Structure formats: C-alpha cells, structure tokens
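This report refers to the structure that appears directly beneath it.
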Ligand SMILES: Cc1cc2nc3c(=O)[nH]c(=O)nc-3n(C[C@H](O)[C@H](O)[C@H](O)COP(=O)(O)OP(=O)(O)OC[C@H]3O[C@@H](n4cnc5c(N)ncnc54)[C@H](O)[C@@H]3O)c2cc1C
Ligand SMILES: Cc1cc2nc3c(=O)[nH]c(=O)nc-3n(C[C@H](O)[C@H](O)[C@H](O)COP(=O)(O)O)c2cc1C
Ligand code: FES
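In my numbering, the protein residues as written are 13 to 608.
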C-alpha cells in the first residue's frame with residue numbers, strides 16, 4: 013500500500029513486517045538484561061518523528077496484542093529505515109520482544125501518535141525517568157546540540173544517553189550508583205527550573221514522576237509537555253481503551269497523544285482503584301503455607317483437582333509426572349451402562365480453546381468399581397467419581413452402586429453438553445436440578461458435589477436450588493457449548509453440531525460465574541454455605557489465585573493438562589510461592605477476599 017503523509021508531514025501508520033537486525037541487552041542497565049535494544053529494518057523511506065511509537069508484536073507470539081514501544085533512534089538506510097527501540101522486560105509481551113533474534117520477522121503497526129512539538133525559542137529542559145528516557149532521548153537527538161539540559165532518573169545504573177548532546181546532563185539514581193543519590197526531586201525543583209531559564213519542559217517516565225514534573229513546571233510558569241502511557245489495543249484511536257483523564261474530557265493516549273500539554277492532564281491518571289481497594293499488606297511467611305482444603309470433611313492436600321474427562325482414571329499421567337502431588341482427581345464421567353460415545357470428529361482446536369464431543373464414552377459404573385476405582389483409590393489424591401446419567405433412574409442406580417464403595421466424593425454431573433438424553437438438561441432449570449439432586453441425595457450419604465452447566469439461563473438459582481436439595485458443594489463450569497463449521501465441506505464439524513468448549517478462552521466467563529455464585533452463597537445461612545469448585549480455562553497459578561480470591565474452595569484443571577501436562581504441578585508450586593510472598597498462612601485467608 014502506498015504510504016500517505018498528513019499535512020504536518022507525519023507518516024500515516026502502516027501494518028507491516030520488520031526484520032530484526034539485532035536484539036541485545038542494553039549496556040549500563042541494572043539489573044543486567046532487564047532492558048534490550050531492538051533494532052529493526054523496516055521497508056520504506058520515511059523516518060518516524062520523535063515522540064511517536066509503534067505497536068510491536070513478535071510473529072511467533074503467546075500474547076494477543078502488540079505492545080506500544082516508543083522510537084528511541086531511527087536512521088535512513090539505502091533501501092530501508094532502521095529503527096531502534098529500548099524495551100524494558102515487564103511481562104510476557106515485552107519478554108517476547110526481548111528474546112527476538114537476528115533475522116526474525118516481527119509485525120509492526122506505526123508510526124503512531126503525535127510528536128513532541130519543537131521548542132520555538134530558548135533552552136529546553138528534557139526529563140526522562142527509567143525506560144521513559146528512551147523517547148525523550150530520541151527527541152533530544154533531533155534538537156541542536158547544547159540547546160537543552162537533560163535530566164535522567166534511574167533506579168540504578170544509567171543507559172540510553174549515548175546519542176544526546178545536552179548543555180548540562182544531570183543523572184539521579186535511587187541507589188546512588190550514578191550521579192545524585194535520590195529521585196528526581198533531589199535534583200529538580202521549582203527553583204532549578206526558574207534558574208535554568210527554560211522556555212519549555214518535556215518529560216516521559218513513571219506517573220508519579222510526571223505528576224511531579226507537571227506541578228513543578230507549572231509552578232515555575234514554564235510550558236510543559238508530558239508523554240503519557242496507557243494500556244492499548246488498537247493504537248489507532250478506535251477502541252477507546254487508552255483514554256487519559258484531562259480537563260477537556262477523555263483523550264486517547266494513542267491518537268490524541270501520547271504527548272500532551274501538562275496543563276490539561278489530571279493526575280492521578282488511573283483513578284487508582286487498585287491501590288484504593290487493595291488488601292492490607294502482610295509480612296511474607298517464614299514457613300510453608302497450608303494449601304489443604306476440606307470438602308465436607310474430606311481433606312485434600314491442596315486445591316488442585318484433575319477435571320473429569322481430562323485426567324482419565326488418574327493413572328494415565330503417572331509416567332509423565334508425580335500425580336500423587338495433586339489434591340484430587342475426578343474420574344471420567346460414569347454412566348450405569350458402558351457407552352461408546354459420539355460418532356464423527358470429537359476434538360476441534362480453536363484459538364485458546366478446545367471443542368470436544370466425546371459423548372461420555374466410559375466403561376460403565378460396575379466396570380469402574382471393579383477395575384479403575386481400586387487403582388484410583390491407591391493414589392494419594394482424593395478420588396472423585398463423576399456420576400452421569402441419561403434418566404433420573406440411571407442417576408439413582410449409579411449413585412447406589414457408588415455409595416457401596418470407598419469412593420470419598422461423588423461429583424454429580426448434571427451438565428454434560430454432549431449427550432442427547434439427560435446430561436445438561438437436568439442442570440438447566442431449578443425444578444429439574446431439584447429432582448436429580450434430591451433423588452441422588454436420598455440414596456447416598458457420601459459428600460455430593462453437583463457439577464453445573466454454564467448454559468443454564470438461571471444458573472445461580474439452579475446452584476442455590478441444588479444446595480437446598482442437598483448438595484454438599486458445587487462445581488462450575490462444565491464445558492460451554494459451541495459450534496464449529498468445516499468451510500471446505502460446508503457442514504458443521506461435529507455430528508451433533510453443538511459441542512463442549514473449554515480452555516483459556518472461557519476463563520473470564522467462568523470467573524464471572526464463580527464470582528456471582530460465591531457472592532450469592534455468602535448470603536445463605538452459615539449451614540448452607542457449601543464449597544465451590546471452580547473450573548474453566550485454568551492454565552497458570554495466577555488463575556488459581558484469582559478463582560480462590562473470588563471465593564472458590566478448590567479448582568479443577570481440564571483442557572490445559574493436554575497442552576502442558578505439568579499445569580497442575582506448576583499451579584501448586586506457584587500458589588505456594590505466592591501465598592508465602594503475600595503472607596497468607598492458609599487458603600482461608602485469601603478465599604473470597606474480593607467479594608463484597
Ligand atoms: C506510548 C507508549 C510508549 C511506550 N514506550 C515504551 C518503550 O519505549 N519501552 C518500553 O520498554 N516500554 C514502553 N512502553 C510501555 C510498554 O508498552 C509496556 O511495558 C508493555 O505494554 C508491557 O507489556 P507486557 O506484556 O510486557 O506486560 P504486562 O504487564 O503483562 O502487560 C499486560 C497488559 O497491560 C499492558 N500494559 C502494561 N503496562 C503498560 C504500560 N506501562 N503502558 C501501556 N500498556 C501497558 C500491556 O500492553 C498488556 O496489554 C510504552 C507505552 C506506551 C503507551
Ligand atoms: C475431552 C474432554 C472430556 C470431558 N469429559 C467430561 C466428563 O466426562 N464429565 C464431566 O463432568 N466433564 C467433562 N469435561 C469437562 C471438563 O471436566 C471441564 O469441566 C471443562 O473442560 C472446563 O474446564 P477447562 O476449561 O479447564 O477445560 C470434558 C472436557 C474435555 C475437554
Ligand atoms: S489504543 Fe485504541 S483508542 Fe487508543
């Protein structure tokens with residue numbers, strides 16, 4: 013596509029590919045390897061302007077969106093433009109960018125955003141904090157030598173200053189490793205700005221620093237431009253996700269900024285809802301946290317349970333990892349009679365998800381009791397028998413058989429999305445759920461967890477009904493329902509058209525359901541406040557923490573075990589390390605802390 017420029021000769025953004033020329037740890041940075049200099053070759057003949065940024069997205073990437081990164085330096089080469097970015101490793105997206113290698117391809121959208129307006133006269137003051145030094149150093153490079161002073165504030169060490177030629181360079185470091193010991197206010201005050209006789213101030217850096225620069229520059233009566241940051245999706249001004257709070261109303265950081273006249277900026281930018289509501293800090297634990305959970309008197313050594321249908325009968329994964337470290341294992345869905353399951357395609361991968369139409373293939377409860385159950389019971393994790401059925405009678409007969417065994421917990425599955433009769437239909441309304449739960453409750457005294465479908469339009473009331481009908485706990489969610497189409501053949505992929513859908517894609521929806529359910533359960537009399545087992549898209553320990561903070565007693569991991577069999581072990585270790593760091597002695601201390 014032909015490149016077009018606006019009336020200020022600023023290039024309109026293009027979505028294109030860049031080629032990595034080099035990606036090396038930036039020298040002088042502390043700690044080592046926390047900032048990388050990424051140099052890209054981009055076709056074309058137009059240089060980005062100082063202050064602009066690109067959305068950078070590694071071609072092989074685990075994150076959905078590009079990451080906004082400012083131009084540090086750019087040069088016109090014979091047949092391409094060479095752009096250097098300085099990238100601080102923060103989370104997954106920036107880590108990926110820092111791991112790029114020579115000749116890797118990368119998707120880039122840009123150049124984006126407005127530019128630093130050049131000083132009309134007099135001396136400029138340029139201020140950078142941390143990685144925010146990169147864009148302002150890029151801007152300084154475009155000014156005449158010694159027409160500006162440059163203040164750079166770092167936590168430790170110094171970097172990104174090799175291309176600038178200021179009249180005066182002042183460096184501050186929190187640890188005193190370079191320049192003045194302290195933060196920016198140790199070197200820059202209203203008096204310094206007045207004494208410097210500056211005509212204009214430019215700054216980029218952390219929000220508290222920008223708030224300080226705004227205040228001091230405005231008090232000194234000097235025009236000030238701030239380069240702001242906000243979370244971005246499109247980078248193009250369309251999603252309205254990156255708005256900055258200003259005296260003129262919301263401004264889009266990507267399109268109206270990132271450079272703003274300080275006088276319109278209202279701090280704090282993020283309405284600080286996180287810190288306002290944050291839990292009081294605790295001291296880190298010196299010992300190990302207690303990860304155990306009790307479900308109706310049955311103790312699980314930790315809250316991680318292999319979810320039904322994704323962990324066989326417990327022994328299959330035994331050669332892959334130590335399954336004895338798990339808290340529990342839910343068996344494949346069991347019916348009274350053996351079942352062959354569904355015909356046709358049974359699995360269909362989607363972005364961040366997996367559709368399945370297994371159709372409850374299983375050996376039948378009598379076979380399970382004789383063959384699989386003894387092996388499951390020999391393992392350390394608590395065995396949970398997932399009881400399914402097609403009629404009320406078959407649920408009752410199945411429950412009677414299981415009641416005579418040593419199985420510690422029954423998970424009553426009234427939520428299978430993949431069978432024609434019974435299955436999810438019992439979980440769709442309060443009346444049907446009451447029938448199934450009351451009938452099974454009448455024939456077994458074993459702890460009874462009822463597994464529900466997220467498809468019910470009346471889900472929370474169904475769950476509360478199950479508790480009133482005798483459930484000792486609720487597990488939520490069984491698979492969501494989806495449809496996939498084979499576009500070459502022009503037919504639905506699955507013989508039964510609709511199929512179950514799970515995996516990371518469903519997690520935020522499952523989280524919402526757990527939040528709503530736990531909120532309602534909290535309102536019940538204490539005797540009815542049963543444990544909730546959260547299921548849906550768990551892939552990392554952080555997801556487990558989220559579910560527990562939403563009120564879950566334990567969690568089941570399904571699809572992600574296929575993608576990474578170590579998922580549950582990583583979750584156990586990550587959960588323990590998190591609790592230790594945060595000072596949570598046991599799960600009870602963080603359970604439900606986000607509920608009102
Ligand atoms: C205009 C602009 C220019 C920037 N220039 C640079 C630069 O030159 N060098 C550099 O290292 N960093 C720069 N940043 C910050 C950089 O975009 C974030 O550090 C990065 O998006 C974090 O992504 P992550 O996956 O590593 O971290 P995570 O914290 O895991 O990210 C989670 C989500 O939050 C977003 N996010 C987190 N922190 C920020 C942030 N500070 N700003 C915007 N989005 C954020 C991410 O994009 C992602 O969508 C700039 C940000 C903006 C808005
Ligand atoms: C291949 C497959 C088979 C499943 N079989 C059952 C089953 O027999 N009984 C049941 O209650 N849930 C079954 N499920 C649903 C999971 O136990 C789990 O509730 C669902 O996949 C959501 O969790 P996830 O997002 O972690 O995968 C199955 C899921 C998959 C992917
Ligand atoms: S990132 Fe979409 S409007 Fe700014």
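Note that the Cβ used here is the ideal one computed from N, Cα and C, for glycine as well.
Bear in mind the structure is a predicted one, so any value in this text is a computation, not a measurement.
**Message:** On the DSSP letters alone, give me the boundaries of the alpha helix (DSSP H) that residue 516 sits inside.
**Reply:** It is not in any alpha helix (DSSP H) - residue 516 carries neither H nor E in the DSSP assignment.
**Asked** Using a Cβ-Cβ distance under 9 Å, would residue 299 count as near chain B?
**Response** This model lacks chain B altogether; it includes just one protein chain.
**Prompt:** What span of residues does the alpha helix (DSSP H) with residue 214 cover, start to end?
**Reply:** Residue 214 -> not in any alpha helix (DSSP H); beta strand (DSSP E) instead, spanning 210-216.
**Request:** Could you pull out every residue in the same chain whose Cβ sits closer than 6 Å to the Cβ of residue 144, ignoring the five residues on either side in sequence?
**Result:** 216, 217
**Item:** Alpha-carbon to alpha-carbon, residue 107 and residue 114
**Value:** 16 Å
**Message:** Mapping the DSSP letters down to three states, classify residue 287 as helix, strand or coil.
**Reply:** For residue 287, the predicted model reports a pLDDT of 47, less than 50, meaning its position is unreliable; a value from the coordinates is still stated below. In the structure shown, residue 287 adopts helical secondary structure according to DSSP, grouped into three states.
**For residue 27, the three-state DSSP class (helix, strand or coil)** = strand
**Message:** Going by DSSP in three states, residue 668 sits in which element: helix, strand or coil?
**Reply:** Residue coverage of the chain in this structure runs from 13 to 608, which leaves residue 668 outside it and unanswerable.
**Item:** Alpha-carbon spacing of residue 429 relative to residue 608, whole angstroms
**Value:** 32 Å
**Item:** Three or more C-beta pairs below 8 Å linking the segment 567-582 and the segment 311-325
**Value:** Yes, the segment 567-582 touches the segment 311-325.
**Prompt:** Is the number of C-beta pairs between the segment 448-465 and the segment 300-311 that are closer than 8 Å three or more?
**Reply:** The segment 448-465 makes contact with the segment 300-311: 3 or more CB pairs, one atom from each, lie closer than 8 Å.
**Asked** Does the beta-carbon of residue 501 have 16 or more other beta-carbons within 10 angstroms, so that it is buried, or is it exposed?
**Response** exposed
**Message:** Just checking residue 558 against ligand 2 - is the residue's beta carbon closer than 8 Å to any of the ligand's heavy atoms?
**Reply:** no
**Prompt:** Assuming residue 584 contacts residue 568 under a Cβ cut-off of 8 Å, what Cβ separation, rounded to an integer in Å, is found between them?
**Reply:** About 14 Å separates the two Cβ atoms, so there is no contact after all.
**Request:** Below 8 Å CB to CB, which residues in the same chain sit around residue 447 once its five sequence neighbours on both sides are set aside?
**Result:** 404, 438
**Prompt:** Who are the near neighbours of residue 355 in its chain, counting only those whose CB is closer than 7 Å to its CB and skipping five residues on each side?
**Reply:** 507
**Request:** To the nearest angstrom, report how far apart residue 172 and residue 210 are at their CA atoms.
**Result:** For residue 172 and residue 210, the distance between alpha carbons rounds to 23 Å.
**Secondary structure of residue 450, DSSP reduced to three states** = In the structure shown, residue 450 sits in a helix (DSSP, three-state: H, G or I).
**Request:** Look at the Cβ atom of residue 7, then the Cβ atom of residue 317, and state whether they are nearer than 9 Å.
**Result:** The question about residue 7 has no answer, for the chain in this structure spans 13 to 608.
**Item:** Residue burial classification, residue 380 (beta-carbon count within 10 angstroms, cutoff 16)
**Value:** buried
**Request:** Let me have the residue list for ligand 3: C-beta closer than 7 Å to any non-hydrogen atom, ordered along the chain.
**Result:** 244, 245, 246, 247, 248, 249, 250, 251, 252, 253, 254, 264, 265, 266, 267
**Asked** Can we count residue 100 as close to ligand 1, meaning its CB is less than 8 Å from some heavy atom?
**Response** yes
**Request:** Put residue 89 into one of helix, strand or coil per three-state DSSP.
**Result:** Here residue 89 sits in coil by DSSP.
**Request:** Could you say which of 425, 357, 527, 233 lies nearest to residue 498 if we only look at CA atoms?
**Result:** 357
**Message:** Using the three-state DSSP reduction, which class does residue 473 fall into: helix, strand or coil?
**Reply:** helix
**Asked** Which whole-angstrom value is the C-beta distance of residue 351 and residue 373, which I expect to be below 8 Å?
**Response** 6 Å
**Prompt:** Hey, is residue 105 close to ligand 1, as in C-beta under 8 Å from one of its heavy atoms?
**Reply:** yes
**Sequence-distant residues of the same chain with beta carbon closer than 6 Å to residue 376, five excluded per side** = 349, 350
**Message:** Using 8 Å for Cβ pairs, my map puts residue 445 next to residue 426. What's the rounded Cβ distance?
**Reply:** 6 Å
**Prompt:** For residue 3 versus residue 223, is the C-beta spacing smaller than 9 Å?
**Reply:** In the structure as shown, the chain starts at 13 and stops at 608, and residue 3 therefore has no counterpart that could be examined.
**Message:** Using C-beta distances below 6 Å, list every residue in its chain close to residue 271, excluding the 5 sequence neighbours before and after it, in chain order.
**Reply:** 63, 126, 128, 237, 239
**Message:** Beta-carbon within less than 7 Å of residue 53's beta-carbon, same chain only, minus the 5 sequence neighbours each way: which residues are those?
**Reply:** 30, 31, 33, 92, 94
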